[in-house]
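Since the structure comes first, as structure tokens, the remarks are kept for the end.
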Amino acid sequence: MITTPIAFVGAGPGAPDLLTIRAAEHLKKADVLIWTDSLVNPQITDLAKKSCEKIRTSSLTLENILNLLIKKAQEGKKVVRLHDGDPCLYGAISEQISGLIHAKIDFEVIPGISAYQATAANLKRELTIPGIVQTIILSRASGRTGVPKKECLERLASHRASLCLYLSARHVEEAQSVLLEHYPEETPVAISYRVSWPDQWIALVPLREMAKTSIQKKLIRTTLYLISPALEETTMRSKLYSPEHDHLFRQKQ
Ligand SMILES: C[S@@+](CC[C@H](N)C(=O)[O-])C[C@H]1O[C@@H](n2cnc3c(N)ncnc32)[C@H](O)[C@@H]1O
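Here's what the structure looks like:
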């Protein structure tokens, strides 16, 4: 049920059938669609009705976007602000939310599948394997936006967790050399370009080849790196389904 004038909607990684049902419902009912055209598949915007006004944001500023959101909502229109992946990750929704709270306009947020989830699914892998790795870190290399010092790649890499690097293709050489100080050079890295788009390209390479492969492939945008010991072949099994392990729903066998 749609009750707020504005919805921030996660479009998922690209393929229209990776939208949630709730996201699709919002798109179908939108009078105005303000969408991140640099990263969202245009096929997803086709779900909107014919009369829906579609506005691209790639050339707009925060002020432009906020003015539009507020104006259209005040005109009584149903507005969808469509972001790629999950809106809570690197979507810059926080500054839009602050503006809407200030303007006293109600909104909701509809989650989407993030690029790291679509990549793991594509590889048919779990990122949290008992006895191997139980933590996933989502971060980015420090570029123009910067990363707080306490979250620098050196520190994150020291955990040897399943590490998902967004927005990092332009800094891949630097990232690789920092990662090699902590992960073994054979650690598998998934390089995931435009996962779930028709031209998706995904490679599983050892960490020592992460930069070389990216440079050869000329990857600078829409690339996710997933560095993880969990991407190795393993026969480890969980306690959850072990006959020796009992829990609330199953006795020891
Ligand atoms: C501005 S961030 C937005 C992330 C998005 N909110 C998410 O949850 O996936 C854009 C970055 O996300 C990653 N990304 C987004 N879509 C992708 C896709 N289809 N394939 C690979 N990486 C993707 C890339 O690292 C890209 O540089």
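Residue numbering for the sequence shown follows numbering that gives the first Met the number 0, beginning at 0 and increasing consecutively.
Ideal Cβ placement from N, Cα and C applies to all residues, glycine included.
- Spatial neighbours of residue 47 in its chain, beta-carbon cut-off 6 Å, leaving aside the 5 residues before and after: 26, 29, 32
- Does at least one heavy atom of ligand 1 sit under 7 Å from the Cβ of residue 36? no
- Would you mind sorting residue 214 into buried or exposed? The rule is 16 or more other CB atoms within 10 Å of its CB. exposed
- Residues that DSSP places opposite residue 200 in a beta bridge: 192
- Message: Can you tell me where the beta strand (DSSP E) holding residue 52 begins and where it ends?
- Response: 52-55
- Residue environment, residue 152, which counts as buried when at least 16 other CB atoms sit within 10 Å: buried
- Message: Taking 7 Å as the cut-off, is the C-beta of residue 169 nearer than that to any heavy atom in ligand 1?
- Response: The closest heavy atom of ligand 1 lies 7 Å or more from the beta carbon of residue 169.
- Message: For a quick check, are the C-beta atoms of residue 161 and residue 126 less than 8 Å apart?
- Response: yes
- Give the single residue among 165, 223, 166 whose Cα lies nearest to the Cα of residue 192. When the alpha-carbon of residue 192 is set against those of 165, 223, 166, the nearest one is in 223.
- Query: Which of helix, strand or coil does DSSP assign to residue 118?
  - Reply: helix
- From 182, 181, 138, residue whose alpha carbon lies closest to that of residue 166: Looking at 182, 181, 138, the one whose alpha-carbon comes closest to that of residue 166 is 138.
- Taking all protein chains shown into account, decide if residue 17 is buried (16 or more other Cβ within 10 angstroms of its Cβ) or exposed. Buried, since its Cβ has 16 or more Cβ neighbours within 10 Å.
- Can you give the Cα-Cα distance for residue 76 and residue 173, rounded to whole angstroms? The straight-line gap from Cα to Cα measures roughly 47 Å.
- Message: What does the alpha-carbon distance come out to for the pair residue 146 and residue 56?
- Response: 25 Å
- Query: Would the C-beta of residue 245 count as close to ligand 1, meaning under 7 Å from any of its heavy atoms?
  - Reply: No, Cβ of residue 245 sits at least 7 Å from all heavy atoms of ligand 1.
- Under 7 Å from any heavy atom of ligand 1, does the C-beta of residue 85 make it? yes
- Task: Enumerate in chain order the residues of its own chain whose CB-to-CB distance from residue 14 is below 6 Å, with the five nearest sequence positions on each side excluded.
- Result: 195
- Task: Tell me whether residue 213 counts as near ligand 1, meaning its Cβ is closer than 7 Å to at least one heavy atom of that ligand.
- Result: no
- Three CB pairs or more closer than 8 Å across the stretch 84-91 and the stretch 112-132: yes
- Going by the C-beta, is residue 200 closer than 7 Å to any heavy atom of ligand 1? no
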